[in-house]
Amino acid sequence: MISSTFALLLCLFGAANAHFRLLYPLPRGNFVADLEPNFCGGYTEVTTNRTTFPLSGGFFSISTGHPGWTAGVLISTVENPNNFDNFSVNGVQQLAKPFARDEGAGTFCIPLNLTEAGIPGVQDGANVTIQVLFEGGDGNLYQCADLTLSAALTSPPADITCSNASATTSSSSPTATTSTGAALDLSHEASGFAVVLSFAGVIAAVL
Ligand SMILES: *[C@@H]1O[C@H](CO)[C@@H](O)[C@H](O)[C@H]1NC(C)=O
Ligand SMILES: *[C@@H]1O[C@H](CO)[C@@H](O)[C@H](O)[C@H]1NC(C)=O
Ligand SMILES: *[C@@H]1O[C@H](CO)[C@@H](O)[C@H](O)[C@H]1NC(C)=O
Ligand SMILES: *[C@@H]1O[C@H](CO)[C@@H](O)[C@H](O)[C@H]1NC(C)=O
Ligand SMILES: *[C@@H]1O[C@H](CO)[C@@H](O)[C@H](O)[C@H]1NC(C)=O
């Protein structure tokens, strides 16, 4: 009885896995759900087909079927960042976008002004890598994108969609609506950051 209850719980937990996809800029490789809890979603090596990305006025876009998540963006100015250390300087993670929370599920387009954080080396022509950290309730998930920064580019190409579409997980109303972003709850920023930091610490300790 107890073991079957446990199995059921495991099953439910598995079904609720909070995966996300990085839609823009494109990640290092094809999405592999099982590898998403790993550094860069399982892609440790830098790619050469970098996305030319605006130094200022950019955005990133993710989708998730899981309502209630926290996400932030780390940046590395190392040419071939292949471990979490390369996203830190003197042990401090380089945050290009502070952690923020949203209670919804669906597609989200979030402003990403890379100059805002004032990180040394984040400049015109630089090759950098961003790592999106996503936490939807069952551990941190990661996706990386290799970029070449451009000051001449003032926004991502016009053919890249930037809109929020919320997907309800309730089966009765699978409609999509445009979110105003009002659901963004910044009060969870600090706790999300702490979760991410402690998790990265565990990984660093294991490595
Ligand atoms: C680079 O190539 C890989 C492998 O074909 C692909 O998965 C990835 O999306 C490409 N990245 C960009 C930015 O086009
Ligand atoms: C940036 O990366 C590209 C592709 O890997 C490479 O061809 C280029 O030389 C690099 N640029 C700099 C400034 O390192
Ligand atoms: C990006 O941030 C920089 C530094 O804070 C600011 O000067 C610039 O206006 C911002 N760009 C956009 C498009 O908001
Ligand atoms: C990247 O991280 C590795 C492992 O901590 C370190 O040995 C290497 O010096 C780092 N690279 C740079 C350029 O900081
Ligand atoms: C989408 O929602 C996020 C909050 O999750 C908000 O920061 C962003 O500005 C919204 N984007 C658009 C295009 O409304």
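For the sequence shown, the positions run -18 to -1, 1 to 189 when mature numbering (1 follows the signal peptide of the UniProt record, and there is no 0) is used. Note that CB positions come from ideal geometry on N, CA and C, so glycine has one too.
Asparagine 109: beta carbon under 6 Å from a heavy atom of ligand 2?
Here residue 109 refers to the residue found at position 127 of the sequence shown. Asparagine 109 Cβ: within cutoff of ligand 2.
Any residue with its C-beta under 6 Å from a non-hydrogen atom of ligand 4 counts. Can you list them all in chain order?
For ligand 4, the selected residues are Val60, Asn65, Asp67, Asn68.
Exposure of asparagine 122, with buried meaning 16 or more beta-carbon neighbours within 10 Å:
Residue 122 sits at position 140 when you count from the first residue of the sequence shown. Burial call: buried.
Could you tell me whether the segment 77 to 88 touches the segment 42 to 56, where touching means 3 or more Cβ pairs closer than 8 Å?
Remark: three or more beta-carbon pairs, one from each stretch, lie closer than 8 Å, so the segment 77 to 88 and the segment 42 to 56 are flagged as touching.
Where does the unbroken beta strand (DSSP E) through glutamine 125 begin, and where does it stop?
Position 143 of the sequence shown, counted from the start, is the residue given in the question as residue 125. Annotation: the continuous beta strand (DSSP E) that includes glutamine 125 extends over 122 to 132.
Own chain residues within Cβ distance below 6 Å of valine 14, not counting five before or after:
Here residue 14 corresponds to residue number 32 of the sequence shown, with the count starting at 1. Contacts found: Gly24.
So is asparagine 12 buried or exposed if we call it buried at 16+ other beta carbons inside 10 Å?
Position 30 of the sequence shown, counted from the first residue, corresponds to residue 12. Classification of asparagine 12: exposed, given that the 10 Å Cβ count is below 16.
Hey, is cysteine 91 close to ligand 5, as in C-beta under 6 Å from one of its heavy atoms?
One-based indexing of the sequence shown puts residue 91 at position 109. It does: the Cβ of cysteine 91 is within 6 Å (strictly closer) of some heavy atom of ligand 5.
Would you say the beta carbon of threonine 30 comes nearer than 6 Å to a heavy atom of ligand 2?
Along the sequence shown, one-based indexing puts residue 30 at 48. Distances taken from the Cβ of threonine 30 to the heavy atoms of ligand 2 include one shorter than 6 Å.
Backbone CA spacing between asparagine 20 and tyrosine 124 [nearest angstrom]:
Residue numbering aside, residue 20 sits at position 38 when the sequence shown is read from its first letter. Residue numbering aside, residue 124 sits at position 142 when the sequence shown is read from its first letter. Spanning the two alpha carbons is a distance of roughly 7 Å.
Would you mind reading off the limits of the beta strand (DSSP E) that contains proline 36?
Within the sequence shown, numbered from 1, the residue matching residue 36 stands at position 54. Per DSSP, proline 36 belongs to the beta strand (DSSP E) from 33 to 36.
Following the continuous beta strand (DSSP E) through arginine 3, name the residue where it begins and the one where it ends.
Taking the sequence shown and counting its residues from 1, one reaches residue 3 at position 21. Run containing arginine 3: 2 to 6, per the beta strand (DSSP E) assignment.
Hey, how far is the Cα of phenylalanine 42 from the Cα of leucine 17?
As a working mapping, residue 42 is identified with position 60 in the sequence shown. As a working mapping, residue 17 is identified with position 35 in the sequence shown. CA-CA distance, phenylalanine 42 to leucine 17, rounds to 21 Å.
Look at the alpha carbon of leucine 37 and the alpha carbon of proline 63, and state the distance between them as a whole number of angstroms.
In the sequence shown, the residue the question calls residue 37 occupies position 55. In the sequence shown, the residue the question calls residue 63 occupies position 81. If you draw a straight line from the Cα of leucine 37 to the Cα of proline 63, it comes to about 19 Å.
Glycine 103: beta carbon under 6 Å from a heavy atom of ligand 3?
Sequence index remark: in the sequence shown, residue 103 carries index 121 (1-based). No - ligand 3 has no heavy atom lying nearer than 6 Å to the Cβ of glycine 103.
I'd like to confirm the pairing. Which residues does DSSP put opposite phenylalanine 41 in its beta bridges?
For this step, residue 41 is matched to residue 59 along the sequence shown. Its beta-bridge partners are Pro93.
Can you tell me whether asparagine 146 is buried or exposed, with buried defined as 16 or more other CB within 10 angstroms of its CB?
Numbered from its first residue, the sequence shown carries residue 146 at position 164. Buried.
Using a Cβ-Cβ cut-off of 7 Å, state whether glutamine 125 counts as contacting chain D.
Although the question refers to chain D, the structure presented lacks it and comprises just one protein chain.
Locate the beta strand (DSSP E) running through isoleucine 57, then write down its first and last residues.
Numbered from 1 along the sequence shown, position 75 holds the residue referred to as residue 57. Unbroken beta strand (DSSP E) run through isoleucine 57: 51 to 58.
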